[in-house]
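Comments concern the structure below.
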Amino acid sequence: MGRLFGTDGVRGVAGTDLTRDLAYRLGRTAVAVLGRHGATQPPTFVVGRDTRESGAWLEEALTEGILEAGGDVLLAGIEPTPAIAFMTVDLEASSGVVISASHNPPADNGIKFFSREGMKLPDHLEDEIEADLARVDPLRTVRGAVARIPEGRERYLHHLEAAADARLDGMKIVVDCANGAASDVAPEILRRLGAEVIAINAEPDGHNINVGCGALHPDVVAAEVIERGADAGVTHDGDADRALFADAKGEVIDGDQVLAASALAMHERGTLKGDVVVGTVMSNLGLVHRMRDAGIELVQAQVGDRYVLEEMERRGAMLGGEQSGHVIFREHATTGDGLLTAVRFLSLAAANGVSVKELASAMPRHPQVLINVPISDRGASLDAASVERAIALAEAALGDRGRVLVRPSGTEPLIRVMVESETEADSQRHAEAVADAVRIALG
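Sequential numbering from 10 applies to the sequence shown in our numbering.
Structure representation (structure tokens):
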């Protein structure tokens, strides 16, 4: 059996992999583990969720586990993942817990924990929780208390407003909320900053989160921007920890371009500590070259915003992120925050009197093709001779004009094949060849 915790907490099909009993035991065990590591007594947990139907009963089970172990619970309700991280720090809680499967399909759900500092728990604490799940400790004689957080969202909105470089007056913005946790709060923050906002996919019903919308489908917001004659579009995923954009012509702007524009602006202002930015091994070569040309060091971490943040902490970096739209502005947040990213990027354009297209043009993108290959065994090795041969052939053909990256997904049963080169055709051809080899060997 593999590790229960993945790169983004515990995930699986709600009711099958992620059951009421597992949620209860996770809550109960977390109280004991965090208590052993210096949590205040009784430990207090801020609990939030996204819009999935299963979120309500998972929240109930998790809360019951925490209470029976003597922990206290502050219920935030439906809120973006980064809002829970913010509230955890703001309320000086012992931990934050988010019930969400982020960009995954509606049938999935997940549970992830934040530390008192608002960061994802380190691997060793997750391992300790997992190891203790089967233990049956005696119930506390004093049951914990549960309460609702009265003004958590308002404080989060004030926090976002304070991070803006300028107001967005006169800007017409389409926001795709993915029928998720940002459905109310994402349009609200943009309106508070003065923008004319057109909200789409902001009517969650428990079953439509991420379905044909949101950050996995940026073409949706891009088409709406063109149809509505908007200045820009922003699209979030189900838990709103990421943001992608579209310019007035419907061209998609990814996380690497946001990272480049933000890094260059901070570099110019002298606020890019150490002139270091953290990306990932998936970062576009265009970002690598643009940072090099600007005299900025780009450190490439493993894929996953937790690994980006860990590398940022090691290097003292103030900015990091992923192509997928997870961007971490360390001055303002402890995790990727799609709403904060929207505020920072859109207000940067407004402050400089330029369009988002002009802002993004600071980083020319190399053609990059990503193919996701489903596999039956998440623990399968990539060492098959046929796969290694296909990768070697592609790398030899590309030389120093491109690169090949093959890696397992940290959240889904997939092998991701990425090829980057000077032309779309070359990237596509080599990616398909490597993906075919992976499919035959591991599919």
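Ideal placement from N, C-alpha and C gives every residue a C-beta, glycine not left out.
What beta strand (DSSP E) runs, 3 residues minimum, are completely inside the region 183–218?
-> 205–209
Taking the CB atoms as reference points, tell me whether residue 23 and residue 116 lie closer together than 8 Å.
-> Taking the first residue of the sequence shown as 1, we reach residue 23 at position 14. Taking the first residue of the sequence shown as 1, we reach residue 116 at position 107. Closer than 8 Å, so yes.
Would you tell me roughly how many angstroms separate the C-alpha atoms of residue 90 and residue 198, rounded to the nearest one?
-> Along the sequence shown, one-based indexing puts residue 90 at 81. Along the sequence shown, one-based indexing puts residue 198 at 189. The alpha-carbon atoms of residue 90 and residue 198 are separated by roughly 16 Å.
Within the region 374–408, ranges of the beta strand (DSSP E) (whole runs, at least 3 residues) | 377–383
Contact belief for residue 374 with residue 293 at Cβ below 8 Å, rounded distance in angstroms = Here residue 374 refers to the residue found at position 365 of the sequence shown. Here residue 293 refers to the residue found at position 284 of the sequence shown. Their Cβ separation, rounded to whole angstroms, is 5 Å, which keeps residue 374 and residue 293 in contact under 8 Å.
Considering only residues of the same chain and omitting the five flanking positions on each side of residue 437, which have a CB-CB separation below 7 Å?
-> The residue labelled residue 437 in the question sits at position 428 within the sequence shown. Counting only Cβ-Cβ distances below 7 Å, and skipping sequence neighbours, we find 378.
How many Å lie between residue 68 and residue 32 at the Cα?
-> Here residue 68 is taken as the residue at index 59 of the sequence shown, counted from 1. Here residue 32 is taken as the residue at index 23 of the sequence shown, counted from 1. Cα to Cα, the separation comes out at about 8 Å.
Unbroken alpha helix (DSSP H) run spanning residue 366, endpoints | Walking along the sequence shown from the start, residue 366 turns up at place 357. Start and end: 365–369.
Inter-stretch contact at 8 Å, needing at least 3 Cβ pairs: the region 391–399 / the region 275–287 = no
Provide the residue(s) that pair with residue 162 in DSSP beta bridges, ordered along the chain.
-> As a working note, residue 162 is residue 153 in the sequence shown. Answer is none; residue 162 lacks a bridge partner.
If you pair each beta-carbon of the region 332–339 with each one of the region 256–266, do three or more pairs fall below 8 Å?
-> yes
Answer with buried or exposed for residue 489, where buried requires no fewer than 16 other C-beta atoms within 10 angstroms of its C-beta.
-> The displayed coordinates of the chain run from 10 to 452. Any statement about residue 489 would go beyond what the structure contains.
Please name the residue or residues paired with residue 417 in a DSSP beta bridge.
-> By 1-based counting over the sequence shown, the position of residue 417 is 408. Per DSSP, 424.
So the alpha helix (DSSP H) residue 29 belongs to, where does it begin and stop?
-> Here residue 29 refers to the residue found at position 20 of the sequence shown. Here the alpha helix (DSSP H) through residue 29 covers 29–45.
Counting only runs of 4+ residues fully inside the region 235–270, write out the alpha helix (DSSP H) ranges in chain order.
-> none
Kindly indicate which residue of 255, 440 and 444 has the alpha-carbon position closest to the one of residue 370.
-> Translated into the one-based positions of the sequence shown, residue 370 becomes position 361. Per the Cα distances, 255.
Residue 313 - containing alpha helix (DSSP H), residue span = Sequence index remark: in the sequence shown, residue 313 carries index 304 (1-based). Unbroken run through residue 313: none, as it is neither H nor E.
What residues in its chain sit with their C-beta under 7 Å from that of residue 303, if we drop five residues either side in the sequence?
-> Along the sequence shown, one-based indexing puts residue 303 at 294. Within the same chain, residue 303 has close Cβ partners 273 and 276.
Proximity winner among 104, 61, 62 and 65, relative to residue 82 (alpha-carbon distances) | Residue numbering aside, residue 82 sits at position 73 when the sequence shown is read from its first letter. The option with the nearest alpha carbon to residue 82 is 104.
Would a check of beta-carbon distances place residue 284 closer than 8 Å to chain B?
-> Of the protein chains in the structure, only one exists, and it is not chain B.
In or out: residue 129 buried (at least 16 other Cβ within 10 Å) or exposed?
-> Residue 129 sits at position 120 when you count from the first residue of the sequence shown. Residue 129 is buried by the Cβ-count criterion.
Look at the Cβ atom of residue 34, then the Cβ atom of residue 84, and state whether they are nearer than 8 Å.
-> Taking the first residue of the sequence shown as 1, we reach residue 34 at position 25. Taking the first residue of the sequence shown as 1, we reach residue 84 at position 75. Against a cut-off of 8 Å, the Cβ pair of residue 84 and residue 34 comes out as no contact.
Determine the burial state of residue 6: buried for a count of at least 16 other Cβ atoms within 10 Å of its Cβ, exposed for fewer.
-> Not covered by the structure: residue 6. The range shown for the chain is 10 to 452.
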